[in-house]
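Chains as they are written, first to last, in the working numbering: chain Z, 4 to 455; chain S, 802 to 1053.
Virtual Cβ for every residue (Gly too), placed ideally from N, Cα, C.
No experiment lies behind these values; they were computed from the predicted model shown.
Working notes, structure below.
Structure (structure tokens):
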């Protein structure tokens, strides 16, 4: 170590730093460019107002159910990710209850400047809730009506929320490029800490969370079937981990022949006919496929090292992405469903928990690009365009993030975030924006978004 | 056993079938060498259900659990006394307070079948009494059979752990009736599912090393715990090293 050496090194270091930062900034610019999710995310958003609904009944329940309905409808439309929502404080003072009562000019003028208005009336009478909902286009005053819907059900908070979800989904379907909304979807997840973990379920927005299984052991990796009739999951018994199946229709466990050994991470094909999972029946965890009851078992991988967490390409069901430790730290790989054409997708670090986007184009996964003993790197959610292997990072500098799962509209991703000793579920748009915390209990993990 | 799986039919034609069955039974008593009785002549042509149930282990200590495994066929309603309705085939962990008969009944269109499995709960005997090697106490076992530790993200048994494996194998070879369950554990870092697969590989690597050292594989069972059951909960390397291990326990 002499002075000359140090002087020589300094400009070289500066040059390296400069070129790295140029490379980095140009790649992050490109990252803005190439993502085309095909989900109307990123196009210019429609400016939409959701008016408070007009109460039409004298029932004392009317006010509280109307508050639930108004709040749910507004947050559903905001969560959709395709609207520029008019703040409630900018709404004109008069509350329209029907087509005769709306002053479209007042809604289209500043400060609301709404292009579309959702409004209507909500009444509670004799234990029944009735809702009339309308969607009007302020730019077309001659024939402004786009939607007119009527709903009736037993009066309860749950039904007020449910009706708001249904009306929101109608609006999203009409204005969001014909893609079904997700307001009536569910998220399955694991609740509880070590010792006992059960499979739970909640609405897409975190409401109405409750346990599904009561097995008193460790049950993890819930995956709901495409028709919402069953959940496959992995459960610890006396002889280790096996795949179990729970019928949401019958409300009890149903038969599944788990192939023996440590059997983990089930995944449904999008036609509901097949499962892929990881089993150590030969001593080393490999990927297998079977039919929906565990029959017709096929081994797909055969390579020393852990192979786990398979997912099917939901467009074709002819490819599987999974996690393999065959070269050391776990990486994401892709292969045909018969095991041919294996290709590695990630180029290093610690990559796990793939989830395949509904349109077949992307993989979401958890990646710690600087992982290693002593390295302080973060575990974040990434998505990768499969054809080009280009990726972008969706979460930054907030806890350890894992188990991303796509919503059926391809616009949202739910994931787990471990931060400050507690683990909770979060959702975000598929471009990483609008991250919001869905659970607050501190022991919720491994979310799985239902298919519809 | 043969008797308990004999089928009884007691739907609409209960009395008719019962008397036919009684006749057959009486006829069977007269000639011991007679061929097995023909299937009961009933109008119902649906296949008769079958039922079998087993329990492992058949005898447990108080507070321990046993696993019931049952299979039925041609049944549309299956129940186990004390557990209620169950799936047509399945397994369930039970923890009876006293010795219990688990009576499985399968109803189908073709009749009813049943089977019984018994779990004997050992009455708490003083440990000095009747000490067989399979009931070796945990303290002695853990003094002699030490855990094996692994490097980060690795399931290769390290060179410096080979002497531990040799000592473990020595003890196990001297006590050939002791059965062992090998738990595979990982540190808290990384992803749940991958760590369970890695834990399985660690347990399995320890098992293979013991087998190489002469321990019969039939005595060894592996269970992965991944990062689900942390032994040490601090977030530093010394703690992580304690968690990256294969742990041996007596398999009771």
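Residue i classed as buried or exposed, judged by whether at least 16 other C-beta atoms fall within 10 angstroms
i, result
"residue 848 (chain S)", "exposed"
"residue 226 (chain Z)", "buried"
"residue 1047 (chain S)", "buried"
"residue 114 (chain Z)", "exposed"
"residue 55 (chain Z)", "buried"
"residue 1019 (chain S)", "exposed"
"residue 959 (chain S)", "exposed"
"residue 884 (chain S)", "exposed"
"residue 859 (chain S)", "exposed"
"residue 333 (chain Z)", "buried"
"residue 316 (chain Z)", "buried"
"residue 938 (chain S)", "exposed"
"residue 419 (chain Z)", "buried"
"residue 90 (chain Z)", "exposed"
"residue 449 (chain Z)", "buried"
"residue 455 (chain Z)", "exposed"
"residue 253 (chain Z)", "exposed"
"residue 424 (chain Z)", "exposed"
For residue i, the residue or residues it bridges with in DSSP
i, result
"residue 281 (chain Z)", "Z:267 and Z:290"
"residue 138 (chain Z)", "Z:121 and Z:150"
"residue 532 (chain Z)", "Outside the shown range of chain Z (4 to 455) lies residue 532 (chain Z), about which nothing can therefore be said."
"residue 48 (chain Z)", "Beta-bridge pairing links residue 48 (chain Z) to no other residue."
"residue 368 (chain Z)", "Z:385"
"residue 881 (chain S)", "S:885 and S:905"
"residue 189 (chain Z)", "Z:206"
"residue 182 (chain Z)", "Answer is none; residue 182 (chain Z) lacks a bridge partner."
"residue 995 (chain S)", "Bridge partners of residue 995 (chain S): none, in fact."
"residue 87 (chain Z)", "Z:50"
"residue 239 (chain Z)", "Z:244"
"residue 478 (chain Z)", "In the structure displayed, chain Z extends from 4 to 455; residue 478 (chain Z) sits before or after that span and is not available."
"residue 853 (chain S)", "S:872"
"residue 396 (chain Z)", "Z:385"
Within 9 angstroms, strictly: CB atoms of residue i and residue j
i, j, result
"residue 281 (chain Z)", "residue 260 (chain Z)", "no"
"residue 299 (chain Z)", "residue 229 (chain Z)", "no"
"residue 209 (chain Z)", "residue 441 (chain Z)", "yes"
"residue 1025 (chain S)", "residue 1006 (chain S)", "no"
"residue 895 (chain S)", "residue 866 (chain S)", "yes"
"residue 361 (chain Z)", "residue 368 (chain Z)", "no"
"residue 124 (chain Z)", "residue 76 (chain Z)", "no"
"residue 1002 (chain S)", "residue 288 (chain Z)", "yes"
"residue 191 (chain Z)", "residue 410 (chain Z)", "no"
Proximity test, Cβ basis, 9 angstroms: residue i and chain S
i, result
"residue 223 (chain Z)", "yes"
"residue 251 (chain Z)", "no"
"residue 446 (chain Z)", "no"
"residue 476 (chain Z)", "It is not possible to answer for residue 476 (chain Z), since the shown part of chain Z is limited to 4 through 455."
"residue 169 (chain Z)", "no"
"residue 387 (chain Z)", "no"
"residue 220 (chain Z)", "yes"
"residue 255 (chain Z)", "yes"
"residue 61 (chain Z)", "no"
"residue 309 (chain Z)", "yes"
"residue 243 (chain Z)", "yes"
"residue 78 (chain Z)", "no"
"residue 356 (chain Z)", "yes"
"residue 88 (chain Z)", "no"
"residue 240 (chain Z)", "yes"
"residue 312 (chain Z)", "yes"
"residue 431 (chain Z)", "no"
"residue 338 (chain Z)", "no"
Cβ of residue i within 9 angstroms of any chain Z Cβ
i, result
"residue 1009 (chain S)", "yes"
"residue 792 (chain S)", "Because chain S in this structure spans residues 802 to 1053, residue 792 (chain S) falls outside the shown range and cannot be described."
"residue 1005 (chain S)", "yes"
"residue 1029 (chain S)", "yes"
C-beta neighbour in chain C for residue i, strict 9 angstroms
i, result
"residue 353 (chain Z)", "Judged by its chain identifiers, the structure shown contains no chain C, and its protein chains are Z and S."
Pull out every residue of the segment 396-415 of chain Z whose Cβ sits closer than 9 angstroms to any Cβ of chain S, in chain order.
-> 403, 405 and 406
If contact means a Cβ-Cβ distance below 7 angstroms, which residues of the segment 989-1001 of chain S contact chain Z?
-> 991, 992, 993, 994, 995, 997, 998, 999 and 1001
Interface positions of the segment 949-977 of chain S facing chain Z (Cβ-Cβ less than 7 angstroms), listed along the chain | 953 and 954
Given a limit of 8 angstroms on CB to CB distance, which residues of the segment 887-907 of chain S reach chain Z?
-> 888, 889, 890, 891, 892 and 894
Interface positions of the segment 317-334 of chain Z facing chain S (Cβ-Cβ less than 9 angstroms), listed along the chain = 326, 328, 331, 332 and 333
Short-range partners of chain Z found in the segment 862-874 of chain S, where Cβ spacing is below 9 angstroms = 866, 867 and 868
When you check each C-beta in the segment 361-372 of chain Z against every C-beta of chain S, which residues fall closer than 9 angstroms?
-> 369 and 371
The segment 287-300 of chain Z: positions lying closer than 7 angstroms to chain S by Cβ | 287 and 288
Residues within the segment 257-287 of chain Z neighbouring chain S, beta-carbon criterion of under 7 angstroms = 257, 258, 265, 267, 268, 281, 283, 286 and 287
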